[in-house]
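Residue numbers (our numbering), protein chains in the order written: chain A, -1 to 416; chain B, -1 to 416.
Inspection log for the structure reproduced underneath, given as structure tokens.
There are 2 protein chains.
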Amino acid sequence: MSKIYATIITIGDELLIGQVVDTNSSWIAQELNKIGVAVKHRVAVGDVWQDIWEALDEESKKADIILITGGLGPTADDITKPLLCEYFNGKMVVDQPTLEHLTHLFEQILKRPMIERNAKQAEVPDTCTVLKNEQGTAPGMLFKRDGRIFVAMPGVPHEMKWMMTHHVLPMIPELYNTGFIEHRTLLTAGIGESFLADLINEFETSLPDHVKLAYLPNFGMVRLRLSSWALEKKTLNKELDNLFNLLKINVKEYLVIDEDLPMEVAVGKLLKERKQTVSTAESCTGGYIAHLLSIHPGSSVFFTGSIVSYANIIKERMLGVSHEILTTVGAVSEETVVQMAKAVRETLQTDYSIAVSGIMGPDGATAEKPVGLVWVAIASKDHVVSKSFQFRFDRRRNIELTAINALNMLRTMIVDNS
Amino acid sequence: MSKIYATIITIGDELLIGQVVDTNSSWIAQELNKIGVAVKHRVAVGDVWQDIWEALDEESKKADIILITGGLGPTADDITKPLLCEYFNGKMVVDQPTLEHLTHLFEQILKRPMIERNAKQAEVPDTCTVLKNEQGTAPGMLFKRDGRIFVAMPGVPHEMKWMMTHHVLPMIPELYNTGFIEHRTLLTAGIGESFLADLINEFETSLPDHVKLAYLPNFGMVRLRLSSWALEKKTLNKELDNLFNLLKINVKEYLVIDEDLPMEVAVGKLLKERKQTVSTAESCTGGYIAHLLSIHPGSSVFFTGSIVSYANIIKERMLGVSHEILTTVGAVSEETVVQMAKAVRETLQTDYSIAVSGIMGPDGATAEKPVGLVWVAIASKDHVVSKSFQFRFDRRRNIELTAINALNMLRTMIVDNS
């Protein structure tokens, strides 16, 4: 066996003019990594015949598995299918199962007439194996050449994911002896990348050659990932677990969670374990913390609800912040968030609450209160802690940082209360 | 002059194992397009010497401008800087302005000691022009070779954006005679890509060769983008505006907005123009609609707040949904959302309100109520409209689709009321 490499080719002008952020590639890379296939290269090209052709030529020199997404739609700018037909010396034929799937989809599910443009999606090169697309209209195509596989999938994320999960990922271990890559990831908060690197310098330099440490900084947190590749899963895991335990001891003071999970999931886990609940009162984050807490399945166990008091009148009317506070120290103040936190916890009857108020920018700053100033309060039955932050970024990033730091304050309180 | 092409090389293992979604590339592409530079290719490579070297070789064959992001951090896995030093036959020297910037940053702003790891960030190849990084520690580097420019920037998004905006983008028109690319984009809702293609088939086939039409489907909406490239801005704009007007007439029935703006901004614009306000009562979306409405600057003019009633007890207590309704027809019902919409509009005293309740999955389905079933109600002073949807996707997508469709229902009501 030898190491198996994949490359990803994403096709579509929308990726090159920047109107769409490519989320497919990172998902594909994650899934391939889990089964021991390393993504070596990723390339994005436009809907241009020559560029796609060259990408196929070049990427097939680099990898064993070439995954292609996009360009399979029913419209005129989608040229991937005829190109693949020519590239793999085929001719177009109607794939009967796909035609039946399309007919069923339009007649039974969508209940609208199937137009010719859609019917044409059942045509495929006769040199490919068709991969059924349960989630949409464009079928996937698998080609083999010189020991390599080329898989073309739709660019629509949920269609691509379904096809990868049901067709492509199960096929790879059968085709290749892929070996194993394992990762161990932990999340830290409250320490910068450089200081963290200094803290674990001795650990890092003592790592064996086949184990790699990566720093993944994001929004005031740093994830640390240990990766190792080997022929045998058993020895791999044991060694990696030992190293990971050592790493955890090294960063103990800053450790949020020893899994590759976002902050809000780490907090949700703590609450679930303790059968406790949380609510939020949000001004400047406008419901974003509530959204983070509720985006993951199973959140109804610990998340009850929120009062998004974007306007001051809502802070007064629904959260009991006095008119006096709002007109003297103002909405962005310790007094305001403490009252918001107390009120929402009582009204929504939760164990904990989070309250935030700040100036996210670009507007709204005053001489005393610059853009990026945020007050956060966390309340439990017995006490309230509050803290101010001064972020220095744009609106989106300030909102994100406010949410992450507020959740980390809640996490600290939950852990301290245990 | 000739057409100027750029390619983007993103460097970092985190992009290849999929732990980070690359949002830099789409931003860079958008900004380059605005000044008439077309991105021809985008490639992601890991922190691997040979792969980065090859990418530099290959991409310089394809483009005039090679933009490189990532791999400039202070940690051991960041090898881009020494590699560029060797690639461009330089030797490392301390850049005095960068060292002063770093010293100032640590002493005055971060107020913590500068460790050696950080001080080393002031070292740069003597064959580059240094681009100051006001937003962080790693300086940018500009190299020239054979009429091409190579720009290396940090991977941290806000640092890269600052550097592009202040150094790179202003430099390009000075270096190249770039010509002009113009885009016109509109947003449609309520019609699929194929039907839209049929609707505008005649328009599309009549387009001149230098004008391109692209379909950008996303979350039940399709954006249509007309693009044209020419030497002269004046004639370009006139022709494109005429074609765009024709396109707007063709899709009139489904047109949301004739700008490249997301649905929530289109809705916010309508409300601002009419000096009207909106509030939301959210169950299944958990604050996501509030987040969408408040993420953009200036939203406090039309967005007042929300009651996120994730738990049924909050629907009863704060939105007056009767216990009888909740125990008979249930939380996911027309009765519930109509009451939620009426109550939140009255409590938060807004002109309009949005209420949603549904089953986002993967849990929570019953025999009568499958995953993806959502009820939406929109209330104004005089009436309430409600509608159910059946989405067929995963949790995140169902939440996104619920928000977009609810916002589109509000948009329709605002337009109908005018």
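Just so you know, even glycine gets a beta-carbon here, dropped at the ideal spot from N, CA and C.
Worksheet item: So residue 373(A) packs on residue 331(A), CB below 8 Å; how close in whole Å?
Response: 6 Å
Item to complete: Verify the CB distance criterion: does residue 182(A) have a CB-CB separation below 8 Å to chain B?
Response: no
Original post:
Does residue -1(A) come within less than 8 Å of chain B when only Cβ atoms are used?
Top reply: Interpretation of residue -1(A) is limited by its pLDDT of 44, a score under 50 that renders its predicted location unreliable; the figure taken from the coordinates is listed afterwards. No, residue -1(A) does not count as interfacial toward chain B.
Review point. Within 8 Å (strictly less), CB to CB, does residue 71(A) reach chain B?
Key: yes
Checklist line | Neighbour-count burial assignment, residue 18(A), 16 or more Cβ in a 10 Å radius | finding: buried
- Query: Quick one: Cα of residue 356(A) to Cα of residue 153(A), how far?
  - Reply: 39 Å
Who does residue 179(A) pair with in a DSSP beta bridge?
227(A)
Residue 28(B) - DSSP class collapsed to helix/strand/coil: helix
| task | Going by CA-CA distance only, name the one from 226(A), 228(A), 207(A) and 211(A) that's closest to residue 220(A). | result | 211(A)
Local conformation of residue 217(B) per DSSP, three classes:
coil
Check your understanding: Considering only C-alpha positions, which residue in the set 146(B), 303(B), 362(B) and 280(B) is nearest to residue 336(B)?
Key -> 280(B)
Can you tell me which of the three DSSP states residue 109(A) falls into? coil
For residue 13(A), which three-state DSSP category applies? helix
Applying the criterion that 16 or more other CB atoms from any shown protein chain within 10 Å of the CB defines a buried residue, is residue -1(A) buried or exposed? Residue confidence for residue -1(A) is low, a pLDDT of 44 falling below 50, so the modelled location carries little weight; the figure read from the coordinates is stated next. It counts as exposed.
### Task
Per DSSP, which residues does residue 362(A) bridge with? Please list them.
Looking at the DSSP assignment, residue 362(A) forms no beta bridge with any residue, so it has no partner.
Can you tell me the Cβ-Cβ gap for residue 418(A) and residue 132(B), rounded? I've got them flagged as a contact below 8 Å. Residue 418(A) cannot be examined here, being either before or after the span of chain A that is shown, -1 to 416.
- Strand pairing of residue 209(A), partner residues [DSSP]: 226(A)
Boundaries of the beta strand (DSSP E) in which residue 356(A) is found, first to last residue
350 to 356
Does the Cβ-Cβ distance between residue 354(B) and residue 400(B) come in under 8 Å?
yes
* To do: Could you tell me which residues DSSP puts in a beta bridge with residue 385(A)?
  => 374(A)
message: Runs of 4 residues minimum, wholly inside the region 128 to 210 of chain A: which ones carry the alpha helix (DSSP H) assignment?
response: 155 to 161, 167 to 173, 191 to 197 and 199 to 203
According to DSSP, is residue 96(A) helix, strand or coil? helix
_What would DSSP say about residue -1(B), mapped onto helix, strand or coil?_
Low per-residue confidence applies at residue -1(B): pLDDT is 44, beneath 50, and the placement is therefore not dependable, though the value from the model is reported in the following sentence. Three-state DSSP puts residue -1(B) in coil, outside helix and strand.
Measure from the C-beta of residue 231(B) to each C-beta in chain A and report whether the shortest distance is under 8 Å.
no
### Query
Near residue 40(B), what residues of its chain come up, given a Cβ to Cβ distance below 7 Å and the 5 sequence neighbours on each side ignored?
5, 6 and 23
**Study point:** Residues of its chain near residue 314(A), where Cβ-Cβ distance is below 8 Å and the 5 sequence neighbours each way are ignored
**Key:** 320, 321 and 324
Self-check item: With 16 other Cβ atoms within 10 Å as the buried cut-off, status of residue 406(A)
Solution: buried
| said: Could you compute how far the alpha carbon of residue 358(B) sits from the alpha carbon of residue 97(B)? | reply: 52 Å
- Status (buried if at least 16 other CB within 10 Å, exposed otherwise) for residue 168(B): exposed
Closer than 8 Å, CB to CB, is residue 302(B) near chain A or not?
yes
Checklist entry - Listing by chain order, which chain A residues have their CB less than 9 Å from the CB of residue 391(B)? => result 133 and 156
Query raised in the report: Taking the continuous beta strand (DSSP E) assigned at residue 410(A), which residues delimit it?
Result: Note, residue 410(A): premise wrong, no beta strand (DSSP E); alpha helix (DSSP H) at 393 to 415.
query = Is residue 263(A) near residue 269(A), with beta carbons less than 8 Å apart?
reply = no
**Contact belief for residue 139(A) with residue 82(A) at Cβ below 8 Å, rounded distance in angstroms** = 6 Å
At 7 Å on the CB atoms, spell out the chain B contacts of residue 349(A), in chain order. Those do not exist, as residue 349(A) stays about 13 Å from chain B at its closest Cβ, beyond 7 Å.
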